[in-house]
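In terms of UniProt numbering, the sequence shown opens at residue 1 and continues consecutively.
Glycine is no exception: its CB is placed at the ideal position from the N, C-alpha and C atoms.
Heads up, the thing below is written out as structure tokens.
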Amino acid sequence: MGTLQQLAVIKGQQRGLIPALLHRTFEANVDKFCGTDMALIFNDDSRGLTKTNYNVLNSTANRVAAAAIDDIVNRHKSEPNRDGDYIIAVCMQPSDRLVTTLLAIWKAGAAYLPLDPTFPPNRIEHILSEAQPVLVIHEDYENVAVFGDTPAVSYSDLRKRAGDMSNANILPQQMLGAGMNELALVLYTSGSTGVPKGVRLNHATILNRLQWQWNRFPYLETEKVGVFKTALTFVDSVTEIWGPLLNGMAIVIVPKKITNNPERLVELLEEYKIERLVLVPTLLRSLLLYLPLQKKQLLYNLRIWVCSGEPLQLSLAKEFFDYFEEGVHQLCNFYGSTEVMGDVTYFVCESKKQLSNYEKVPIGYPLDNTVIYILNPELQPVKPGDIGELFVAGLNLAQGYVNGRDPHRFIDNPLAVDPIYSRLYRTGDFASATKGCVYYEGRTDSQIKIRGHRVDLSEVEKNLLSLSGVDKGIVLCYHAGEIDQALLGFITVEKDSALQTGMQIEGALESKLPHYMIPQVIILDNIPLLVNGKIDRQTLLKMYENTNNNDDATIEIEYDYTGVPENKMEMAKDLFTTVGQVIGRSTRSKISLQSNFYELGGNSLNSIITVTQLCQKGHAISITSFIGAENLAEILDKMYSNQEHISEHEQTAGISQEFEFEYKMKLSAHPLADEHKEDAINILTYSFYEKADLERWIKPLIREQDYRDILEVIWDVLIEKQLSFMIKDETGKSVGVSLNFDAHDEPEVEVNNNLVIIFEFLEYVEKPIREEKLPQGKNQILHSFMMGTCAELNAQENIEAMHFMESEVLKIAIRRKFAGILTTNTSPLTQQLGSNVYGYETMLDFKINQYVYRDGNRPFGKAGDDQRVIVHWKDIRKEH
């Protein structure tokens with residue numbers, strides 16, 4: 001008796017879904033249980049830290065929605081677009097105001113359409129002309145002319161008008177379309193015809209995706225804050241924002257400058273104890289390069305890592321478990337596209353042993369209410385293990401494209417019985433399936449993924465060939481999906497063209513394409529053809545590889561050391577050659593002090609690789625310093641004066657006890673006086689409450705006010721003794737403060753808060769040294785007690801301020817004829833400065849997790865063995 005043939009049709013679990021408008025779910029939650037809970041957290045340079053609770057978010061969104069409705073209906077009398085949709089475009093940077101605006105748009109009865117402020121004008125113009133939004137809300141966008149005839153209003157103006165509106169939830173009859181609009185958002189993607197196209201996603205589609213997430217990866221009670229870091233134009237932003245907010249959690253909104261900086265991103269994830277993160281494999285690779293360089297385990301709380309947007313390489317998945325603990329941390333591989341609400345299959349990587357059973361990381365299993373079909377050209381299922389085109393059916397499908405474009409991508413499902421699977425989406429991806437598990441097998445067309453963005457090579461090619469002076473050409477992708485993936489434009493140019501170099505042409509493309517779509521342009525005398533007259537793609541890619549391979553002896557990178565000081569020449573050679581080796585085949589021009597790393601062809605990933613390799617060569621520099629540097633000259637300078645480590649060069653460069661140092665700031669010292677009180681207390685409170693290494697272990701037990709209270713008590717004594725001082729910059733701004741006492745004449749202070757734990761610990765490590773190993777009596781030991789800098793200083797300025805204050809402490813000790821200086825350091829930076837630069841003697845080196853408080857507990861017990869306290873002594877009698 002025969003058996004039924006198995007076919008490549010994989011069905012996810014079917015769950016009931018009650019359609020609902022997402023903003024109504026939000027409103028019900030506010031009324032029911034989370035009104036006073038925190039909803040939004042945002043911190044930027046201009047406005048500082050802003051926190052918004054659910055009641056305020058809901059009320060503000062209601063007012064903004066009412067103002068937007070008034071603008072659309074009464075002022076502009078706008079009508080829905082050709083699809084019958086009310087759409088409001090949003091051109092704003094990530095902020096709390098952005099999230100408020102998105103919620104307001106839903107409450108107004110419209111769908112939101114993101115416009116990235118960095119989009120070139122022609123892309124914005126195309127989107128607006130096709131989608132026909134009734135309004136654009138922008139954040140003081142300078143080039144409002146690009147919005148054309150579309151009504152536009154700044155958020156600040158709309159918010160002013162909203163002040164007089166009711167804060168009550170908008171009733172259906174007040175909404176655009178009488179509240180019947182089911183469309184939630186429109187996202188534009190790269191189009192296969194070379195023209196971007198808009199995907200229409202309904203509230204119910206988003207809800208299906210969210211409900212699956214909440215069931216399969218539920219939030220734990222410990223998970224209080226989610227993170228919104230993905231660009232709003234990218235579909236993963238939807239689940240980042242609304243997943244937490246529809247569950248009563250807070251979201252911290254990450255500015256772009258932090259998203260692009262792995263060092264600062266890790267700091268933020270640590271600060272808010274983030275437990276899940278969505279990222280592209282490129283960023284994961286950057287973090288896995290950065291994290292092992294740190295002295296302590298970071299991101300232990302981050303238990304769910306979701307990779308999407310690009311193929312996840314098996315080697316990278318295994319590397320994840322070199323750093324993160326199996327059984328505690330999960331690495332998930334999600335697959336999907338904007339047309340299917342981001343994700344339709346998933347696979348959870350649990351251990352190296354599990355991954356050893358696979359030749360590639362699967363894209364896994366279908367989400368709830370989803371069916372995956374792998375079909376042949378006749379739309380019949382292939383056999384398990386065979387490759388076919390991947391189609392999707394179910395509740396995650398978009399409604400289609402704006403203006404009904406590309407109807408062949410959404411088709412009737414001839415294989416469906418249940419009506420919820422009656423439509424098929426043709427993904428354009430090849431796939432196979434074995435034992436119900438799906439594997440990605442590549443694209444059927446010219447689309448690729450670049451840092452999670454879908455890019456169609458035909459769109460890039462169309463824009464490249466439209467440039468005046470460009471004759472013929474083709475756009476290809478080298479090693480798609482690999483770490484060395486490169487977008488390449490091979491062209492010939494007309495003889496009289498004004499554009500004669502690749503960099504000129506790339507610059508001209510900046511006005512036509514987003515930055516991630518601009519290829520490296522390679523100008524040829526002629527383009528090779530096959531015998532059938534078609535372009536020989538393989539020859540072009542081989543040409544690129546052979547002439548630019550990092551390991552090929554024929555590679556020619558020009559290094560120009562003009563202007564490098566003789567004493568930095570060896571370091572400059574290491575820097576230049578490392579940059580050349582890392583960027584390699586993408587290097588655009590010769591490498592010199594004036595070169596900008598990113599203009600040479602660098603990116604966020606190979607910046608991390610460069611810093612890693614420099615570190616291995618003995619040249620330490622922080623990621624933040626490297627990324628922020630204007631050119632290689634600034635990087636070279638920061639490698640020497642290093643913000644976060646004391647480099648080997650600096651240790652041997654002859655920094656003397658007189659603290660020879662080249663200052664960029666003009667600093668002056670001022671004996672502590674009453675006029676300094678507010679500044680001094682603010683600086684010290686910030687430095688110790690926010691940044692101190694001991695305090696963070698007992699943070700829930702202490703308050704910012706505790707420091708203010710103690711400083712108030714000892715203030716008069718500090719002024720009386722005249723051993724402490726404030727430092728100011730050339731503008732007169734207070735930038736640092738140093739508190740010092742005679743170690744045998746310190747004031748008695750009764751500590752009535754939990755800072756007593758810190759003070760008793762310091763007394764525990766210092767007292768034996770002070771009483772048994774150092775000179776006795778008054779005017780013998782100058783105790784450098786507290787030293788802090790203001791929050792606005794960057795890393796370089798912070799180092800300068802510390803150098804300057806240390807030199808002033810030494811001057812006071814000499815002038816007042818002390819035998820020496822005693823200081824206790826808990827920061828790795830000040831410990832290295834003390835030992836390696838300022839010439840202090842280590843009297844005690846103690847693991848802080850070993851300290852037992854008088855109640856029998858270990859208050860710093862969770863600290864790693866590498867976190868230590870060092871008691872330093874500097875005897876100045878022989879030197880001065």
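Worksheet item: So what's Asn-752 in DSSP terms, helix, strand or just coil?
Response: Indexing the sequence shown from 1 puts residue 752 at position 752. Three-state DSSP puts Asn-752 in coil, outside helix and strand.
Worksheet item: Using CA coordinates, which residue listed in Ala-680, Pro-859, His-670 and Asn-208 is at the minimum distance from Lys-811?
Response: Counting from one through the sequence shown, the residue named residue 811 turns up at place 811. Checking every option, the nearest Cα to that of Lys-811 belongs to His-670.
Worksheet item: Is there contact between the segment 92-100 and the segment 38-47, where contact requires at least three CB pairs shorter than 8 Å?
Response: yes
Discussion item. Bridge partners for Asp-456 per DSSP, in chain order?
Written reply: Within the sequence shown, residue 456 is the residue found at index 456, counting from 1. DSSP output for Asp-456 lists Gln-447 as bridge partner(s).
Fill in: Where Phe-320 falls, given that 16 or more other Cβ within 10 Å makes a residue buried
Start at 1 with the first residue of the sequence shown, and residue 320 comes out as number 320. Phe-320 is buried by the Cβ-count criterion.
Fill in: beta strand (DSSP E) runs contained entirely in the segment 662-686, provided each spans 3 or more residues
668-671
Item to complete: Take Trp-697 and list the residues in its own chain whose beta-carbon comes closer than 7 Å to its own, dropping the five residues that flank it on each side.
Response: On the sequence shown, residue 697 is found 697 positions in, with the first residue counted as 1. If we look at Trp-697 and ignore the five residues flanking it on each side, its Cβ neighbours are Pro-859, Phe-860, Lys-862 and Ala-863.
Practice prompt. Taking Leu-701 as the reference, give the member of Leu-711, Tyr-689 and Thr-789 with the closest Cα.
Written response: Walking along the sequence shown from the start, residue 701 turns up at place 701. When only C-alpha atoms are compared, the closest one is Tyr-689.
Practice prompt. Work out the CA separation of Lys-107 and Thr-205 for me, nearest whole Å.
Written response: Counting from one through the sequence shown, the residue named residue 205 turns up at place 205. Counting from one through the sequence shown, the residue named residue 107 turns up at place 107. Rounded to the nearest angstrom, the two C-alpha atoms are 18 Å apart.
Discussion item. With distance defined between alpha-carbon atoms, name the residue in Lys-568, Thr-577 and Pro-565 nearest to Tyr-559.
Written reply: Stepping through the sequence shown from its first residue, residue 559 is reached at position 559. For Tyr-559, the nearest C-alpha among the options comes from Thr-577.
Fill in: Under 7 Å between C-beta atoms of Gly-834 and Ile-683
Looking up residue 834 in the sequence shown gives position 834. Looking up residue 683 in the sequence shown gives position 683. Cβ distance not < 7 Å, so Gly-834 and Ile-683 don't count as in contact.
Practice prompt. Assuming Leu-694 contacts Ile-848 (C-beta within less than 8 Å), just tell me the rounded distance between them.
Written response: Against the sequence shown, residue 694 aligns to sequence position 694. Against the sequence shown, residue 848 aligns to sequence position 848. About 7 Å separates the two Cβ atoms, so the contact holds.
Worksheet item: Can the beta-carbon of Leu-739 be found closer than 7 Å to that of Phe-785?
Response: Translated into positions along the sequence shown, residue 739 becomes position 739. Translated into positions along the sequence shown, residue 785 becomes position 785. Yes, Cβ-Cβ distance for Leu-739 and Phe-785 is below 7 Å.
Practice prompt. Would you be able to state if there are at least three C-beta pairs under 8 Å between the segment 625-639 and the segment 310-326?
Written response: no
Discussion item. Which residue wins for smallest C-alpha separation from Asp-637, given the options Leu-600, Ser-668, Glu-675 and Met-569?
Written reply: The residue labelled residue 637 in the question sits at position 637 within the sequence shown. For the residues Leu-600, Ser-668, Glu-675 and Met-569, the minimum Cα distance to Asp-637 belongs to Met-569.
Fill in: Val-99 - containing alpha helix (DSSP H), residue span
For this step, residue 99 is matched to residue 99 along the sequence shown. Unbroken alpha helix (DSSP H) run through Val-99: 96-107.
Worksheet item: From Asp-157 to Thr-118, what does the alpha carbon distance come to, in whole angstroms?
Response: Against the sequence shown, residue 157 aligns to sequence position 157. Against the sequence shown, residue 118 aligns to sequence position 118. Between Asp-157 and Thr-118, the C-alpha separation is close to 22 Å.
Worksheet item: Leaving out the 5 sequence neighbours to the left and right, which residues in its chain are closer than 8 Å to Pro-514 when beta-carbon positions are compared?
Response: Translated into the one-based positions of the sequence shown, residue 514 becomes position 514. Asp-116, Thr-118, Phe-119, Pro-120, Arg-123 and His-453, listed in sequence order.
Discussion item. Could you tell me the alpha carbon to alpha carbon distance between Tyr-188 and Val-235, rounded to whole angstroms?
Written reply: Locating residue 188 in the sequence shown gives position 188, where the first residue counts as 1. Locating residue 235 in the sequence shown gives position 235, where the first residue counts as 1. Cα-Cα distance, rounded: 10 Å.
Worksheet item: Do you know offhand how far Tyr-365's Cα is from Ala-162's?
Response: Here residue 365 refers to the residue found at position 365 of the sequence shown. Here residue 162 refers to the residue found at position 162 of the sequence shown. When rounded, the distance between both Cα atoms is 46 Å.
Worksheet item: What is the rounded straight-line gap between the Cα of Ala-20 and the Cα of Leu-207?
Response: Walking along the sequence shown from the start, residue 20 turns up at place 20. Walking along the sequence shown from the start, residue 207 turns up at place 207. Taking the straight line from one Cα to the other gives about 8 Å.
Worksheet item: Would you call the segment 345-360 and the segment 322-333 touching, i.e. three or more CB-CB distances under 8 Å?
Response: yes
Worksheet item: Helix, strand or coil for Asp-44 per DSSP?
Response: Position 44 of the sequence shown holds residue 44. Three-state result, Asp-44: strand.
Practice prompt. Below 8 Å on the Cβ atoms is my guess for Val-564 versus Ala-572; work out the distance and round it to an integer in Å.
Written response: Locating residue 564 in the sequence shown gives position 564, counting from the first residue. Locating residue 572 in the sequence shown gives position 572, counting from the first residue. Right, their Cβ atoms sit about 4 Å apart.
Worksheet item: From Met-175, Arg-708 and Val-146, pick the residue whose C-alpha is nearest to that of Leu-72; which is it?
Response: Within the sequence shown, numbered from 1, the residue matching residue 72 stands at position 72. Checking the sequence, you will find Ile at residue 72 rather than Leu. The option with the nearest alpha carbon to Ile-72 is Met-175.
Item to complete: State yes or no: is the C-beta of Thr-610 within less than 7 Å of the C-beta of Leu-289?
Response: If you number the sequence shown from 1, residue 610 lands on position 610. If you number the sequence shown from 1, residue 289 lands on position 289. Contact: no.
Practice prompt. For my contact list, Ala-104 and Ile-87 are in at a C-beta cut-off of 8 Å; report their separation, rounded to the angstrom.
Written response: For this step, residue 104 is matched to residue 104 along the sequence shown. For this step, residue 87 is matched to residue 87 along the sequence shown. 14 Å between Cβ atoms; not a contact.
Worksheet entry | Helix, strand or coil at Ser-286 according to DSSP, with G and I counted as helix | Taking the first residue of the sequence shown as position 1, residue 286 is located at position 286. Reduced to three states, the DSSP call for Ser-286 is helix.
Discussion item. When you compare the segment 387-397 with the segment 466-478, are there three or more beta-carbon pairs, one atom per stretch, that lie closer than 8 Å?
Written reply: no
Discussion item. Does the structure place the segment 218-236 close enough to the segment 245-260 that three or more beta carbon pairs sit under 8 Å?
Written reply: yes
Practice prompt. Please name the residue in Lys-817, Thr-824, Val-371 and Lys-273 whose C-alpha comes closest to that of Ile-420.
Written response: Locating residue 420 in the sequence shown gives position 420, where the first residue counts as 1. When each option's Cα is compared against that of Ile-420, the closest is Val-371.
Worksheet item: Can you check whether the CB of Pro-114 is closer than 7 Å to the CB of Thr-230?
Response: Counting from one through the sequence shown, the residue named residue 230 turns up at place 230. Counting from one through the sequence shown, the residue named residue 114 turns up at place 114. Cβ atoms of Thr-230 and Pro-114: not closer than 7 Å.
Practice prompt. Under 8 Å Cβ to Cβ from Val-303, same chain only, skipping five residues before and after it: list those, please.
Written response: Taking the first residue of the sequence shown as 1, we reach residue 303 at position 303. Sequence check: residue 303 is Arg here, not Val. Correct list, in chain order: Glu-275, Arg-276, Val-328, His-329 and Gln-330.
Discussion item. Please report the straight-line C-alpha distance between Ala-553 and His-126, rounded to a whole angstrom.
Written reply: Here residue 553 refers to the residue found at position 553 when the sequence shown is read from its first residue. Here residue 126 refers to the residue found at position 126 when the sequence shown is read from its first residue. At Ala-553, the pLDDT of 36 sits below 50, so the modelled position is not reliable and the matter cannot be decided from this model.
Fill in: Residues near Gly-12 in its chain [Cβ-Cβ closer than 6 Å; skip 5 each side]
As a working note, residue 12 is residue 12 in the sequence shown. Pro-366, Leu-367, Asp-368 and Thr-370.
Practice prompt. Can you say whether Gln-651 is buried or exposed, counting buried as having 16 or more other CB atoms within 10 angstroms of its CB?
Written response: The residue you call residue 651 lines up with position 651 of the sequence shown. Low confidence applies to Gln-651: its pLDDT is 33, below 50, so where it sits in the model is not reliable, and the reading given next is rough at best. That one is exposed.
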